[in-house]
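Please read the structure below before turning to the comments.
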Amino acid sequence: MAIETAPFPLAPGADAAKMQYFGRVVKDVHPGKLTPEQLEEIKTLLYQHDALLFPNVVVTPEEQYALTKAFDPNSESYGHGNNKTGETKKSILHPDLKTIPRVPQVQLIGNGTVYNHEGLAEAKLKHPHHKTFHADAISDEDEKAGFTRYYRWHIDAALYDLEPPKVTTLYGLKVPGGEAQTVRYDDGTGDELKVPLGTTAFVSGATMFDILPRELQSLAVRTKVRYAPHPYVWMAPARSNTTGLGLLTEQKELQTSELPEWSEDKIKTLPMLWKNPVTGRLHYQVHPSGAAALEIAPLPAGASRENALYPDGATIDDLGKVRELLYKMQRPGIAPPLVYAHDWKENDFVLFHNRGVLHTVVGAFTPDQVRAFHQCNLAASSTPEGPTEQDVLQYA
Ligand SMILES: [Fe+2]
Numbered sequence: 059m060a061i062e063t064a065p066f067p068l069a070p071g072a073d074a075a076k077m078q079y080f081g082r083v084v085k086d087v088h089p090g091k092l093t094p095e096q097l098e099e100i101k102t103l104l105y106q107h108d109a110l111l112f113p114n115v116v117v118t119p120e121e122q123y124a125l126t127k128a129f130d131p132n133s134e135s136y137g138h139g140n141n142k143t144g145e146t147k148k149s150i151l152h153p154d155l156k157t158i159p160r161v162p163q164v165q166l167i168g169n170g171t172v173y174n175h176e177g178l179a180e181a182k183l184k185h186p187h188h189k190t191f192h193a194d195a196i197s198d199e200d201e202k203a204g205f206t207r208y209y210r211w212h213i214d215a216a217l218y219d220l221e222p223p224k225v226t227t228l229y230g231l232k233v234p235g236g237e238a239q240t241v242r243y244d245d246g247t248g249d250e251l252k253v254p255l256g257t258t259a260f261v262s263g264a265t266m267f268d269i270l271p272r273e274l275q276s277l278a279v280r281t282k283v284r285y286a287p288h289p290y291v292w293m294a295p296a297r298s299n300t301t302g303l304g305l306l307t308e309q310k311e312l313q314t315s316e317l318p319e320w321s322e323d324k325i326k327t328l329p330m331l332w333k334n335p336v337t338g339r340l341h342y343q344v345h346p347s348g349a350a351a352l353e354i355a356p357l358p359a360g361a362s363r364e365n366a367l368y369p370d371g372a373t374i375d376d377l378g379k380v381r382e383l384l385y386k387m388q389r390p391g392i393a394p395p396l397v398y399a400h401d402w403k404e405n406d407f408v409l410f411h412n413r414g415v416l417h418t419v420v421g422a423f424t425p426d427q428v429r430a431f432h433q434c435n436l437a438a439s440s441t442p443e444g445p446t447e448q449d450v451l452q453y454a
């Protein structure tokens, strides 16, 4: 019997046409107790809709790990490696993650202090605040009035040595109530988005690609992104732009000689577009903060050169130019009508297609607002598929 689903609720101002496929609420099925047939159906639904919500379920860390692993049975370790985060305490991810001792692939994240939690006597959690990452921050006065920012748009991925996880699961155990906030883009556009407190915001990489003008689609289908070695250590001193979609270029990144030991063969060079295994759609999947260079292939034989960018191919390794181009290509995809901001309820279990969406932490909690989530993703057993030859011919 087919699993019953319902569309995600559309926010006021959402682009109904572009958002219609994004997200499904899964009814009357427990994500930890799926039959093999149900699991196959859930996989198809996930790749069609990019995010699934199982509301009001009690899920153990073991069940969460098992479901996450079911999407990639040969995967084993947490997406950034077990019990460590990007090799060193210098990584910007380090303070945000605590491991569940019994199931080290599952991380406890959140805000405030949690006691006697799954074998952790006491865990001090901190919801990341944009003032610790952005070059400038919303004033205290405006924050009190309810304004906030996206923290950092990203894909869950080490982007060095390990392959990007296929899916991420997020389970909301403790969700503090509170007033809605308004995300300000602060980039001169006046863009704003009203969001629930502590939302996780998602955008579709497929939509991000679909809405690009023809010449940028041609560029995307021909481009690979080279990431920095140990990117989260490399970028640690750098600061984000106001939308959380990439870094400012102020020469603050570490020199390669200052990084933990690294080797050329572990550097990740990934296609700009990742192919959806079920729908065949191309998803624009770039972690803008970690990107160091772009490798552009020439136009294929016979393609029109009219208005083409880099028709003969190029390597761009000027960081400012890399970021400028990525921002031009990605910023349209995070426009307010294209963002899904999840309104977390306790015992919400969300499964998302990490190779099909970008997501970000949002908002600010006070220290007494206690939030506890379990997060799991697993470094994949294979690298993302890029565009096919047919795709290149179609879009180049
Ligand atoms: Fe994430």
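The letter at position 168 of the sequence shown is residue 226 when you use my numbering, and the numbering goes up by one with no holes. Yeah, the Cβ is synthetic: ideal placement off N, Cα and C, and Gly gets one too. Just so it is clear, the structure is predicted and the values come from calculations on it, not from any experiment.
Would you mind reading off the limits of the beta strand (DSSP E) that contains residue i?
i    : result
G263 : No beta strand (DSSP E) holds G263; the alpha helix (DSSP H) holding it covers 263–268.
Q165 : 161–175
Y243 : Counting along the chain, Y243 falls outside any beta strand (DSSP E), and DSSP gives it neither H nor E.
K333 : 331–333
K182 : 178–183
V253 : 250–253
Y342 : 340–342
I325 : No beta strand (DSSP E) contains I325, which DSSP labels as neither H nor E.
A349 : 349–354
K156 : 156–158
A372 : 372–374
Straight-line CA distance for residue i to residue j?
i    : j    : result
L312 : Y290 : 10 Å
R363 : Y453 : 12 Å
G65  : D249 : What sits at residue 65 in the sequence shown is Pro, not Gly. Near 25 Å, if we compare the C-alpha coordinates of D249 and P65.
P390 : A294 : 26 Å
T206 : G421 : 5 Å
A74  : V261 : 14 Å
Y243 : H192 : 12 Å
E322 : S276 : 29 Å
Y208 : S347 : 14 Å
G338 : W211 : 24 Å
R280 : L228 : 33 Å
P445 : V428 : 43 Å
Q343 : F80  : 16 Å
P131 : P223 : 12 Å
L103 : Q78  : 14 Å
L451 : A361 : 8 Å
D426 : L270 : 43 Å
L178 : Q122 : 18 Å
T418 : E353 : 26 Å
L92  : T118 : 14 Å
A372 : A351 : 10 Å
N169 : Q433 : 14 Å
L340 : N365 : 22 Å
H411 : Q448 : 24 Å
P356 : A278 : 12 Å
P113 : E201 : 30 Å
I213 : P67  : 23 Å
Just to check my reading of the structure: residue i and residue j have Cβ atoms closer than 8 Å, yes? What is that Cβ distance to the nearest angstrom?
i    : j    : result
L306 : R297 : 6 Å
D219 : K324 : 4 Å
A7   : L166 : No information on residue 7 is available, as it lies outside the stretch 59 to 454 that the chain covers here.
V161 : E120 : 6 Å
G230 : L255 : At roughly 12 Å, the Cβ-Cβ gap does not stay under 8 Å, so G230 and L255 are not in contact.
I61  : E99  : 5 Å
E443 : K333 : 4 Å
A69  : G137 : Not a contact, Cβ separation roughly 29 Å.
E273 : L367 : 5 Å
V380 : D108 : About 26 Å separates the two Cβ atoms, so there is no contact after all.
N435 : T226 : 4 Å
Taking the continuous alpha helix (DSSP H) assigned at residue i, which residues delimit it?
i    : result
T226 : Unbroken run through T226 is the beta strand (DSSP E), 225–232; no alpha helix (DSSP H).
G304 : Segment: none, G304 is in no alpha helix (DSSP H) and carries neither H nor E.
L451 : 447–453
K202 : 198–202
K379 : 377–388
R272 : 272–280
Y398 : Here Y398 belongs to no alpha helix (DSSP H); instead the beta strand (DSSP E) covers 398–400.
W292 : 289–292
Any beta-carbon of chain B closer than 8 Å to the one on residue i?
i    : result
T247 : Absent from the structure: chain B. Only one protein chain is present.
Beta carbon shell of ligand 1 at less than 6 Å from a heavy atom
H212, D214, H417
Taking only runs that begin and end inside the segment 405–429, name each unbroken beta strand (DSSP E) of 3 or more residues, in chain order.
406–411, 415–419, all fully within the segment 405–429.
Could you pull out every unbroken beta strand (DSSP E) segment of at least 3 residues lying fully inside the segment 61–124, listed in chain order?
63–65, 82–84, 109–112
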